[in-house]
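Asks:
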């Protein structure tokens, strides 16, 4: 049995990987490493691109709100504002008569408020209408 | 301790050095295990390459809880069985005939650099049942360690001893 053991040991001792096994493997690993770093770079570029797009979207949003704010400074809004100022100035003089003219004055104020609302509402941007330029 | 060395190198960003350390310790063992399944030197080399590529890719996830040997032998067994399955696309990993497929694979070409007696003995070993053949191949390649062979094939040491005993008896008959 020992003889068989010895012969089997000799027979299988020579079985080994070829000499260039490690070289080929390390070449493959280095190639994979390069590919890996490329894809890392691509991932970084993609992240930068997404950040840039997000920044641009934010800028567009801000400009939209700026434009909406400027639209509010149209002739209608200036007229509405003037009317409010006039009302505020006139209010102290009208105060004694409010008791007599109360219902009439209330209707007038409501009418002015409604008129103001309709004059301003087209220029007030809705947060839901994001697609509008 | 190889595990500590591997983890230290991986954590310090030297994954290639970690792989080199593993290669030094396991190159021949992985090749032997793959060869014991595939019986074809070229196919076993391909599998061994695949195993080490998988190891290199998975190194960042390797931790102290695992042992390098168990980890690598598991990868080698699975990769070898997948290679056998690739030869027989309809076979399943749970199919008991997967191992029998090995019997139908190409003849062993591992005869280079050895004497005629060695080649003749290896041809006799080829005639053994798959498990016995695997045990004989690994036992005599791995400097006759029952424990090592048992770990490589994920079987109890007692089973390795039994298979080896039967294989020797069968080889005596075949001679």
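Chains as they are written, first to last, in the working numbering: chain A, 19 to 151; chain B, -7 to 167. Glycine included, each C-beta is placed from N, C-alpha and C at the ideal position. Quantities reported herein were computed from a predicted structural model and do not represent experimental measurements.
Would you please state the rounded distance, in angstroms, between the beta carbons of residue 98 of chain A and residue 134 of chain A? I believe it to be under 8 Å.
Replies: Along the first chain, read from residue 1 onward, the residue named residue 98 of chain A stands at position 80. Along the first chain, read from residue 1 onward, the residue named residue 134 of chain A stands at position 116. The Cβ separation is near 4 Å, so the contact holds.
Asks: With DSSP collapsed to three states, give me the class of residue 120 of chain B.
Replies: Against the second chain, residue 120 of chain B aligns to sequence position 128. Three-state result, residue 120 of chain B: coil.
Asks: Taking only three categories from DSSP, how would you classify residue 72 of chain A?
Replies: Working through the first chain from its first residue, we reach residue 72 of chain A at position 54. Of the three classes helix, strand and coil, the one that applies to residue 72 of chain A here is helix, per DSSP.
Asks: Would you mind giving the Cβ-Cβ distance between residue 14 of chain B and residue 56 of chain B, rounded to the nearest angstrom? I have them listed as a contact below 8 Å.
Replies: Within the second chain, the letter at position 22 stands for residue 14 of chain B. Within the second chain, the letter at position 64 stands for residue 56 of chain B. In fact, because the Cβ distance is near 15 Å, the residues do not count as touching under 8 Å.
Asks: Any residues in the segment 42 to 63 of chain B with a beta carbon nearer than 8 Å to a beta carbon of chain A? Which ones, in chain order?
Replies: 44, 45, 48, 49
Asks: Between residue 110 of chain B and chain A, is there a C-beta pair that is closer than 7 Å?
Replies: Indexing the second chain from 1 puts residue 110 of chain B at position 118. Output row for residue 110 of chain B: interface = yes.
Asks: Going by DSSP, what residue range makes up the alpha helix (DSSP H) through residue 23 of chain B?
Replies: To locate residue 23 of chain B, count along the second chain from 1; it is residue 31. Looking at the DSSP string, the run of the alpha helix (DSSP H) that includes residue 23 of chain B is 7 to 30.
Asks: Give me, in chain order, the residues of the same chain whose beta-carbon lies closer than 8 Å to that of residue 2 of chain B; leave out the 5 immediate sequence neighbours on both sides.
Replies: Sequence index remark: in the second chain, residue 2 of chain B carries index 10 (1-based). Contacts found: 10, 51, 52, 54.
Asks: Closest to residue 78 of chain B by C-alpha separation, out of B/-5, B/145, B/61, B/35, would be which residue?
Replies: Taking the second chain and counting its residues from 1, one reaches residue 78 of chain B at position 86. Residue B/35 is the option with its Cα nearest to residue 78 of chain B.
Asks: Between which two residues does the alpha helix (DSSP H) carrying residue 73 of chain B extend?
Replies: Reading the second chain from its first residue, position 81 is the one you call residue 73 of chain B. First-last of the alpha helix (DSSP H) with residue 73 of chain B: 60 to 79.
Asks: Which same chain residues, not among the five before or five after residue 129 of chain A, have their C-beta less than 7 Å away from its C-beta?
Replies: For the purposes of this step, residue 129 of chain A is taken as residue 111 along the first chain, with counting starting at 1. Cβ neighbours of residue 129 of chain A beyond the five flanking positions: none.
Asks: Is the separation between the beta-carbon of residue 23 of chain B and that of residue 35 of chain A shorter than 7 Å?
Replies: Residue 23 of chain B sits at position 31 when you count from the first residue of the second chain. Residue 35 of chain A sits at position 17 when you count from the first residue of the first chain. Against a cut-off of 7 Å, the Cβ pair of residue 35 of chain A and residue 23 of chain B comes out as a contact.
Asks: If I'm right that residue 120 of chain B touches residue 159 of chain B with Cβ under 8 Å, what's the distance once you round it to whole angstroms?
Replies: Stepping through the second chain from its first residue, residue 120 of chain B is reached at position 128. Stepping through the second chain from its first residue, residue 159 of chain B is reached at position 167. Indeed they touch by this definition, with Cβ atoms about 5 Å apart.
Asks: Check this for me: beta carbons of residue 127 of chain B and residue 117 of chain B, under 7 Å apart or not?
Replies: The count along the second chain starts at 1 and reaches residue 127 of chain B at position 135. The count along the second chain starts at 1 and reaches residue 117 of chain B at position 125. Contact flag unset, no.
Asks: So, are the CB atoms of residue 39 of chain B and residue 71 of chain B less than 7 Å apart?
Replies: Residue 39 of chain B sits at position 47 when you count from the first residue of the second chain. Residue 71 of chain B sits at position 79 when you count from the first residue of the second chain. For residue 39 of chain B and residue 71 of chain B, yes; Cβs fall inside 7 Å.
Asks: Comparing alpha-carbon positions, which option in B/12, B/42, B/17 lies nearest residue 26 of chain B?
Replies: Position 34 of the second chain holds residue 26 of chain B. Closest option to residue 26 of chain B, judged by alpha-carbon separation, among B/12, B/42, B/17: B/42.
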